[in-house]
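Trainee: Take a look at the following structure, please.
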Amino acid sequence: MPNRFEGPVDPDLICKLCGKVLEDPLSTPCGHVFCAACALQWLSKAVPDGHLCTVHT
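Shown next, in the form of structure tokens:
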């Protein structure tokens, strides 16, 4: 698949889970943003430690 972007992509538009450009983004209560599919997959496998956001773990 060809790259749809020219030049660097703003780091705020990159999912912290998959490392790709955000797709159907979801925001956590702390303000971090992830792809919806990545966030749902993370939540389905996450150990219940009180952290909803992977950035703080």
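According to UniProt numbering, the sequence shown is numbered sequentially starting from 1. Every residue, glycine too, gets a C-beta built ideally from N, C-alpha and C.
Candidates Asp10, Cys30, Cys38 and Gly31: which alpha carbon is nearest Glu23's?
Mentor: Position 23 of the sequence shown holds residue 23. Checked all of Asp10, Cys30, Cys38 and Gly31; the closest Cα to Glu23 is Cys38.
Trainee: Taking the alpha helix (DSSP H) that Cys35 falls in, what are its first and last residues?
Mentor: Here residue 35 refers to the residue found at position 35 of the sequence shown. Careful: Cys35 lies outside any alpha helix (DSSP H), inside the beta strand (DSSP E) at Val33 to Cys35.
Trainee: Once the 5 residues before and after Ser27 are set aside, which same chain residues still bring their CB inside 6 Å of it?
Mentor: Translated into positions along the sequence shown, residue 27 becomes position 27. Cβ neighbours of Ser27 beyond the five flanking positions: Val33.
Trainee: For a test of the three-state rule: what should DSSP assign to Val21, helix, strand or coil?
Mentor: Reading the sequence shown from its first residue, position 21 is the one you call residue 21. In this structure, Val21 counts as strand in the three-state DSSP scheme.
Trainee: Tell me whether Leu40 sits in a helix, a strand or coil according to DSSP, three-state version.
Mentor: Sequence index remark: in the sequence shown, residue 40 carries index 40 (1-based). Reduced to three states, the DSSP call for Leu40 is helix.
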